[in-house]
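Q: The structure's right below; bear with me while I get my questions together.
There are 2 protein chains.
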Amino acid sequence: MVNTTNGNDTTATTVSTTSNGELVLGAGGKPLPPPYKSTGNEALDTLAFLHLLEQLKVQKRSGWIREGVKEPESISDHMCRMALMAMMIPNDGARPLDIPRCVMMALVHDLAEAHVGDITPVEGVPVHVKHDLEEQAMDSFLNEMLGGEGNKDARARFRALFDEYEARETPESKLVKDLDRLELALQAVEYERSQDIRTLAPFFTGSVPNLEHPVVQKWAETLMEERRQLWASRGRAEEEAAGLGGQGVGTSVKKTNSV
Amino acid sequence: MVNTTNGNDTTATTVSTTSNGELVLGAGGKPLPPPYKSTGNEALDTLAFLHLLEQLKVQKRSGWIREGVKEPESISDHMCRMALMAMMIPNDGARPLDIPRCVMMALVHDLAEAHVGDITPVEGVPVHVKHDLEEQAMDSFLNEMLGGEGNKDARARFRALFDEYEARETPESKLVKDLDRLELALQAVEYERSQDIRTLAPFFTGSVPNLEHPVVQKWAETLMEERRQLWASRGRAEEEAAGLGGQGVGTSVKKTNSV
Chain A
2 MVNTTNGNDT
12 TATTVSTTSN
22 GELVLGAGGK
32 PLPPPYKSTG
42 NEALDTLAFL
52 HLLEQLKVQK
62 RSGWIREGVK
72 EPESISDHMC
82 RMALMAMMIP
92 NDGARPLDIP
102 RCVMMALVHD
112 LAEAHVGDIT
122 PVEGVPVHVK
132 HDLEEQAMDS
142 FLNEMLGGEG
152 NKDARARFRA
162 LFDEYEARET
172 PESKLVKDLD
182 RLELALQAVE
192 YERSQDIRTL
202 APFFTGSVPN
212 LEHPVVQKWA
222 ETLMEERRQL
232 WASRGRAEEE
242 AAGLGGQGVG
252 TSVKKTNSV
Chain B
2 MVNTTNGNDT
12 TATTVSTTSN
22 GELVLGAGGK
32 PLPPPYKSTG
42 NEALDTLAFL
52 HLLEQLKVQK
62 RSGWIREGVK
72 EPESISDHMC
82 RMALMAMMIP
92 NDGARPLDIP
102 RCVMMALVHD
112 LAEAHVGDIT
122 PVEGVPVHVK
132 HDLEEQAMDS
142 FLNEMLGGEG
152 NKDARARFRA
162 LFDEYEARET
172 PESKLVKDLD
182 RLELALQAVE
192 YERSQDIRTL
202 APFFTGSVPN
212 LEHPVVQKWA
222 ETLMEERRQL
232 WASRGRAEEE
242 AAGLGGQGVG
252 TSVKKTNSV
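Written as structure tokens, this is what we have:
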């Protein structure tokens, strides 16, 4: 993963352990290597970061692996389409959004997964543990790999975008979360179509009901109608409806607003 | 690829032909389906574009396939790391760059490949034919898929970024071209390391000698030193040097400048 000339080769068998000596597990229950430590050579540390980014290609999205998808997309495949979708959001005087910032945030929001992998809710890793692992990974990236003077702008950009996304307070971070959800739903329909996977209902009930942005909601409505037609064309209209259990685009948002 | 509810299913056997009735071939010599035509329904056309973007994940980079790389990266894997690398370029008062614009351009520069695939120089498709195919693909994306009123901002953004990259006149487009080259070189070293591929010298002689931006040159120098050590550690130092034939980071640029 990182270059082998500086002793940080993560193909080695060293792994992270807790203070109790327990293994620290990442995505798929695999032991995590310890976070990278600076070599003291800024050029080598920077190269280690460039190589680390390859892990966003190598690591595939866990949800699809679990559901038996063949040749599932990578983490960077997912982020790339999200970023392109951000560029499709219209300028709207009533809801002004910094689109370039949304694009960059889409590319940074899963950056920590380059180290910890794509840990999903069903893997039994508690949310606070996942959060801590991702924070430790970001600290290692920004302070140990990009800690040098030449990378101070890079460091500041990645930190600000990652933190803004995690805080989920700005309109930009909320849009990126919507894109994260819709990109998942799009890919789920695509795998249903191309590989006839039939167990993905939770991917929809966990995503489209929470969409807030009106443009993303509209995309999702068209997608869900397409999905309805796909399942009906396979004689499975009832199964499709049962899987959704009455949930649809934005239904959770509306429910929350009406309380 | 695009949704099947509007008659534009590209899994159908229809293919593009020239006015002489010859097949139009894309990447890997595969017949290209005809470009998408609008259904007249803006929501369906937009969804077709969202699905089209999946092809950037499905289509793998041709150069690696040709060299026998197992599980090669996708087009969007490549663009995602390029975009993240753009975010690493320092603010520089002497060479001001619009970094968010570079990030977006990195994500758009290979967009046409979602339709035509990754056509590489060695496939025998003449450069002007490749260019025409990519222009036709972009026209289809922007006018037939994103032709509606709700997508006028998206259309303008994609068009401007794609054209700016192709013209290669602005500092931003030149940086993105540098990132395109370095990303290739990085991935080549990574495949040399992980899969012991030994035929990639042309990937380096075709990329690193042309790098112009000083920060990207510096990254490349560290990478090429790492590569030298990798090959030396495998007892192949002479083979590595012979493959490069005396070419190194920025050597073609310096030559051009000194003429």
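Chains A and B are the protein sequences, given in the same order.
Following this note's numbering, the numbering of the first sequence begins with 2 at its first residue and continues without gaps.
Following this note's numbering, the numbering of the second sequence begins with 2 at its first residue and continues without gaps.
By construction, the Cβ of each residue, glycine as well, lies at the ideal position given by its N, Cα and C atoms.
Model, not experiment: these values are computed from the prediction.
Can you tell me whether valine 177(A) sits near the ligand SAH, meaning its C-beta is under 6 angstroms from at least one heavy atom of the ligand?
A: The model on display carries no ligand, and the ligand SAH is accordingly not part of it.
Q: With a threshold of 7 angstroms between beta-carbons, can serine 141(B) be considered close to chain A, or not?
A: So, not an interface residue.
Q: Count Cβ pairs between the segment 174 to 194 of chain A and the segment 43 to 58 of chain B that sit closer than 8 angstroms; are there 3 or more?
A: Enough Cβ pairs lie closer than 8 angstroms, so yes.
Q: For the segment 111 to 132 of chain B, which residues have a beta carbon sitting closer than 9 angstroms to at least one beta carbon of chain A?
A: Those residues of the segment 111 to 132 of chain B that come within reach of chain A (Cβ to Cβ, closer than 9 angstroms) are Leu112.
Q: Taking the alpha-carbon of arginine 96(B) as reference, which of Ile198(B), Leu57(B), Val216(B), Glu227(B) has the nearest alpha-carbon?
A: Taking only the C-alpha atoms, the option nearest arginine 96(B) is Val216(B).
Q: Where does alanine 157(B) land, buried or exposed, given buried means 16+ other C-beta within 10 angstroms?
A: By the neighbour-count rule (16 or more Cβ atoms within 10 Å), alanine 157(B) is not buried but exposed.
Q: Taking the alpha-carbon of lysine 38(A) as reference, which of Val25(A), Ser17(A), Cys81(A) has the nearest alpha-carbon?
A: Out of Val25(A), Ser17(A), Cys81(A), Ser17(A) has the C-alpha closest to the C-alpha of lysine 38(A).
Q: Identify, in the order they occur along the chain, each residue of the same chain with its Cβ nearer than 7 angstroms to the Cβ of serine 77(B), setting aside the five sequence neighbours on each side.
A: Excluding residues within five positions, the ones whose Cβ falls inside 7 angstroms are Leu57, Lys58.
Q: In chain A, which residues lie with their C-beta within 7 angstroms of the C-beta of glycine 244(B)?
A: The contacting residues do not exist; glycine 244(B) stays about 20 angstroms from chain A at best.
Q: CB-CB under 7 angstroms to aspartate 179(A), same chain, minus the five flanking residues each way: which ones, in chain order?
A: Only Leu212, Glu213, His214, Val217 meet the Cβ criterion.
Q: On the CB-based measure, 16 or more other CB atoms within 10 Å of its CB, does valine 128(B) come out buried or exposed?
A: Exposed, because fewer than 16 other Cβ atoms sit within 10 Å of the Cβ of valine 128(B).
Q: So the candidates are Ala115(B), Leu85(B), Arg228(B); which of them puts its Cα closest to the Cα of aspartate 197(B)?
A: Ranking the options by Cα distance to aspartate 197(B), first place goes to Arg228(B).
Q: Give me the chain B residues within the contact set of threonine 223(A), using Cβ-Cβ distance strictly less than 8 angstroms, ordered along the chain.
A: By Cβ distance, chain B contributes Ala44, Leu45, Thr47, Leu48.
Q: Between cysteine 81(B) and chain A, is any beta-carbon pair separated by less than 7 angstroms?
A: Chain A, which has a Cβ nearer than 7 angstroms to the Cβ of cysteine 81(B), makes this yes.
Q: When Cβ atoms are compared, which residues of the segment 151 to 171 of chain A fall closer than 8 angstroms to chain B?
A: Here the close residues are Gly151, Asn152, Lys153, Asp154, Ala155, Arg158, Phe159.
Q: Are the beta-carbon atoms belonging to alanine 87(A) and alanine 107(A) less than 7 angstroms from one another?
A: Against a cut-off of 7 angstroms, the Cβ pair of alanine 107(A) and alanine 87(A) comes out as a contact.
Q: Roughly how many angstroms separate the alpha carbons of glutamate 184(A) and histidine 79(A), rounded to a whole number?
A: If I take the Cα positions, the gap works out to 7 angstroms.
Q: Can you check which of these residues, Leu134(B), Ala202(B), Thr200(B), is closest to proline 32(B) by C-alpha distance?
A: Nearest C-alpha to proline 32(B): Leu134(B).
Q: Which residue comes first and which comes last in the alpha helix (DSSP H) that contains glycine 64(A)?
A: Counting along the chain, the alpha helix (DSSP H) containing glycine 64(A) begins and ends at 63 to 67.
Q: Within 7 angstroms (strictly less), CB to CB, does lysine 58(B) reach chain C?
A: In the structure shown, chain C does not exist; the protein chains are A and B.
Q: Spatial neighbours of leucine 98(B) within its chain, please: C-beta separation below 7 angstroms, excluding the five flanking residues on both sides.
A: Cβ neighbours of leucine 98(B) beyond the five flanking positions: Ile90, Pro172, Glu173, Leu176.
Q: Quick one: measure Cβ to Cβ for threonine 200(A) and leucine 48(B), integer angstroms, because I've assumed they're closer than 8 angstroms.
A: Contact flag wrong, Cβ pair sits at about 23 angstroms.
Q: Quick one, which of Arg182(B), Glu239(B), Ala84(B) has its alpha-carbon nearest alanine 221(B)'s?
A: Of the candidates Arg182(B), Glu239(B), Ala84(B), the one whose C-alpha sits nearest the C-alpha of alanine 221(B) is Arg182(B).
Q: Starting from lysine 153(A), trace the alpha helix (DSSP H) both ways and give me its first and last residue.
A: Element bounds for lysine 153(A): 153 to 168.
Q: Counting along the chain, where does the alpha helix (DSSP H) carrying valine 123(B) start and finish?
A: No alpha helix (DSSP H) contains valine 123(B), which DSSP labels as neither H nor E.
Q: Report, in whole angstroms, the separation of the C-beta atoms of leucine 231(B) and threonine 206(B), which I expect to be a contact under 8 angstroms.
A: About 17 angstroms separates the two Cβ atoms, so there is no contact after all.
Q: Would DSSP call glycine 246(A) helix, strand or coil?
A: In the structure shown, glycine 246(A) sits in coil (DSSP, three-state: anything other than H, G, I, E or B).
Q: Which residues share a DSSP beta bridge with proline 73(A)?
A: In DSSP, proline 73(A) forms no bridge with anything.
Q: Alpha carbon to alpha carbon, how far is lysine 153(A) from glutamate 165(A)?
A: In a straight line, the C-alpha of lysine 153(A) is about 18 angstroms away from that of glutamate 165(A).
Q: Counting only beta-carbon separations shorter than 7 angstroms, does leucine 98(B) have a partner in chain A?
A: It does not; no Cβ of chain A falls within 7 angstroms.
Q: I think valine 250(A) touches valine 209(A), with their Cβ atoms under 8 angstroms apart; what is that distance to the nearest whole Å?
A: At roughly 5 angstroms, the Cβ-Cβ gap stays under 8 angstroms, so valine 250(A) and valine 209(A) are in contact.
Q: If we ignore side chains and look at the alpha-carbon of each, how far apart do valine 126(B) and asparagine 92(B) end up?
A: Each residue's Cα considered, the two are about 39 angstroms apart.
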